[in-house]
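Chains as they are written, first to last, in the numbering used here: chain C, 1 to 333; chain H, 334 to 666.
The C-beta atom is built at its ideal place from N, Cα and C for all residues, glycine as well.
It should be emphasised that the depicted structure is a prediction, and the values quoted were computed from it without experimental measurement.
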DNA sequence: TTGAAAGCGCTAACAG
DNA sequence: CTGTTAGCGCTTTCAA
């Protein structure tokens with residue numbers, strides 16, 4: 001801990017009481033312009049910075065916000081974290097980033113640690129269906145990002161339904177007649193909504209949906225590659241378009257098709273979801289749906305901050321627009 | 334802040350003094366087994382958790398460690414962050430992750446915020462040549478990861494020289510006769526060492542190094558792709574092997590070559606560096622040098638912790654072994 | 001407009 | 001083995 005001056009030193013140097021120093025520092029009313037100057041000068045001269053722990057103890061506020069991330073090595077989540085930091089950097093709150101690596105036990109450890117710090121609020125990104133531990137022990141404000149858990153009061157997330165819709169409309173516009181969806185097996189809100197968008201685009205073009213048009217697949221590269229290879233070797237290539245609920249799956253599908261000598265986009269067109277950077281760098285570059293991480297983070301920060309500072313429980317659900325990034329896995333133009 | 338009990342409540346309930354409660358909680362000596370039990374029971378019953386801010390104020394320790402990251406969306410750095418969290422999760426320290434997005438101004442803001450928190454130490458990942466701000470204002474322990482800055486006392490990093498050596502030896506073993514190096518323009522220690530490994534592998538096989546074997550290129554996909562396309566259109570494909578100082582460059586080179594109808598690995602073999610996941614998923618999968626993020630993080634944590642707890646300034650440099658991941662951009666086997 | 005003083009929850013020195 | 005007490009640095013009430 002640095003051996004910095006205390007409020008007493010400033011008071012002495014400025015020839016005022018510590019109460020006055022405190023008032024000036026915190027920008028309250030109740031002092032003359034002259035006094036203010038004296039104090040400010042002393043503060044500057046001493047390089048004085050208030051002791052954060054004393055302030056926290058006294059005010060019963062930690063000015064800390066816990067951020068729970070399921071996977072910090074996932075670029076999408078990392079971007080949200082970055083934008084959250086951008087939002088809070090100028091404010092007096094400190095973010096405590098906690099990566100759970102999708103491990104419930106680890107997440108519970110993290111949550112307990114956060115609780116010990118008496119954090120003022122929590123931002124929970126794409127987590128479990130229920131934030132069991134935290135709501136039981138504490139009643140601090142929680143803002144959810146991405147996935148809708150049970151009993152969420154505040155949820156910030158992309159317009160997944162529209163994302164799915166845009167993706168599939170692009171395939172339809174490009175001439176696809178038989179479009180399948182490769183979806184993450186989890187029944188989480190994000191995935192369900194994306195599928196709903198897929199269905200809407202189909203029905204809008206009067207394309208019927210059959211059971212053989214939905215393929216369940218774990219959302220990683222290897223699973224998707226294997227899935228597409230199995231599918232084709234068993235049933236042949238009975239489709240000309242495929243919408244994948246995330247980019248990693250889309251990439252596995254792309255490479256699987258290429259390995260089996262199918263041409264993308266000539267034989268099959270593909271659209272992914274997330275716009276992770278790998279989707280720009282694969283060959284051909286992937287058409288995908290981009291989520292606005294900055295807007296997501298800003299909204300989450302804004303709503304949480306308001307709830308913390310006003311003490312009024314928020315109750316809101318914010319849908320952030322998505323954008324279709326057209327690249328080479330759909331149109332050849 | 335939660336309305337939790339204080340040490341007084343526990344003392345009352347257990348019929349002892351607050352000093353005794355404190356002793357038990359902190360696992361010190363000086364109480365009977367019976368007393369201990371009484372206290373523990375009361376703690377449990379009340380769900381008592383010590384007020385972190387009171388402890389910090391009283392002990393003049395924040396139990397916070399700042400982690401400065403240049404780019405949290407970079408998978409390599411994100412993995413180090415994850416492993417740092419794994420290291421500290423069971424300990425009483427809290428990590429404050431700060432992404433600077435490679436922006437000096439933002440980094441300075443972050444550092445000032447950290448200083449206001451009276452953090453106990455800093456882990457500085459792959460940062461600027463000089464950690465100017467922090468060393469000037471404060472004298473807390475700093476551990477550097479990856480890059481060697483000026484005046485570093487503690488540096489943890491991969492064996493970059495050996496990484497470069499392994500990469501190039503692989504190319505040589507695969508029959509390459511003319512191996513060029515595409516390197517990041519920055520004269521940072523990591524890059525210089527990787528090039529030294531390249532040179533050692535060449536000289537070991539008595540391959541002379543000429544100026545036309547070194548190409549400078551910014552370490553991103555687009556720059557690398559453009560670089561390789563320009564190089565070949567101007568000078569032809571005068572090489573049969575290329576070592577790139579990072580995977581993103583290697584990927585740009587791979588796709589550039591493929592676009593120009595060269596075959597990898599038949600015409601040109603490529604090795605990258607970092608083993609980011611994209612290197613597994615590109616086509617063909619990239620041979621690359623893998624860094625052990627877990628060991629890097631553990632060593633950084635261990636050394637910093639020791640310095641914080643003993644107060645003895647550390648002075649050490651630890652080299653973490655690297656591993657060559659052979660994939661399809663070199664051997665066809 | 002200002003100052004004196006209480007007290008946030010805790011640790012540790014000292015006394016017994 | 002246990003208790004009393006001072007005080008960490010700050011905010012805030014109350015009095016002037």
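Between residue i and chain H, is any beta-carbon pair separated by less than 8 Å?
i             : result
residue 19/C  : no
residue 325/C : no
residue 244/C : no
residue 282/C : yes
residue 304/C : no
residue 184/C : no
residue 29/C  : no
Taking the continuous beta strand (DSSP E) assigned at residue i, which residues delimit it?
i             : result
residue 649/H : 649 to 653
residue 491/H : 487 to 491
Comparing C-alpha positions only, which one of the options sits nearest to residue i?
i             : options                       : result
residue 619/H : 602/H, 634/H, 629/H and 628/H : 602/H
residue 647/H : 418/H, 414/H, 473/H and 363/H : 473/H
residue 338/H : 592/H, 366/H, 529/H and 383/H : 383/H
residue 71/C  : 127/C, 90/C and 225/C         : 127/C
residue 146/C : 8/C, 43/C and 194/C           : 194/C
residue 506/H : 522/H, 516/H, 494/H and 535/H : 535/H
residue 167/C : 273/C, 320/C and 207/C        : 273/C
residue 324/C : 45/C, 142/C and 171/C         : 171/C
residue 451/H : 56/C, 108/C and 69/C          : 56/C
residue 275/C : 260/C, 24/C, 262/C and 251/C  : 251/C
residue 300/C : 82/C, 210/C and 213/C         : 82/C
residue 623/H : 604/H, 615/H, 616/H and 350/H : 604/H
residue 94/C  : 52/C, 222/C, 107/C and 101/C  : 52/C
residue 60/C  : 587/H, 401/H and 387/H        : 387/H
residue 215/C : 231/C, 162/C and 87/C         : 231/C
residue 453/H : 435/H, 353/H, 425/H and 542/H : 425/H
residue 554/H : 279/C, 115/C and 235/C        : 279/C
residue 635/H : 380/H, 420/H, 372/H and 659/H : 420/H
Contact criterion: CB-CB distance below 8 Å. Does residue i meet it with respect to chain C?
i             : result
residue 335/H : Bear in mind that the predicted position of residue 335/H carries a pLDDT of just 45, short of 50, making it unreliable; the figure below should be weighed with that in mind. Taking Cβ atoms only, chain C reaches closer than 8 Å to residue 335/H, which makes this a yes.
residue 557/H : no
residue 531/H : no
residue 521/H : no
residue 365/H : no
residue 551/H : no
residue 554/H : yes
residue 427/H : yes
residue 406/H : yes
residue 414/H : yes
residue 446/H : yes
residue 665/H : no
Grab the span of the alpha helix (DSSP H) containing residue i for me, first residue to last.
i             : result
residue 453/H : Note, residue 453/H: premise wrong, no alpha helix (DSSP H); not H, not E.
residue 273/C : No alpha helix (DSSP H) holds residue 273/C; the beta strand (DSSP E) holding it covers 269 to 274.
residue 41/C  : 33 to 46
residue 56/C  : 52 to 59
residue 643/H : 626 to 643
residue 86/C  : 75 to 88
residue 281/C : 278 to 281
residue 21/C  : 18 to 25
So, with DSSP's three-state summary, where would you put residue i?
i             : result
residue 579/H : coil
residue 237/C : coil
residue 337/H : coil
residue 203/C : helix
residue 363/H : coil
residue 190/C : helix
residue 166/C : helix
residue 445/H : helix
residue 342/H : helix
residue 223/C : helix
residue 508/H : coil
residue 436/H : coil
residue 259/C : helix
What are the partner residues of residue i, as DSSP defines its beta bridges?
i             : result
residue 515/H : 548/H and 577/H
residue 478/H : 458/H and 489/H
residue 621/H : 605/H and 658/H
residue 95/C  : 65/C
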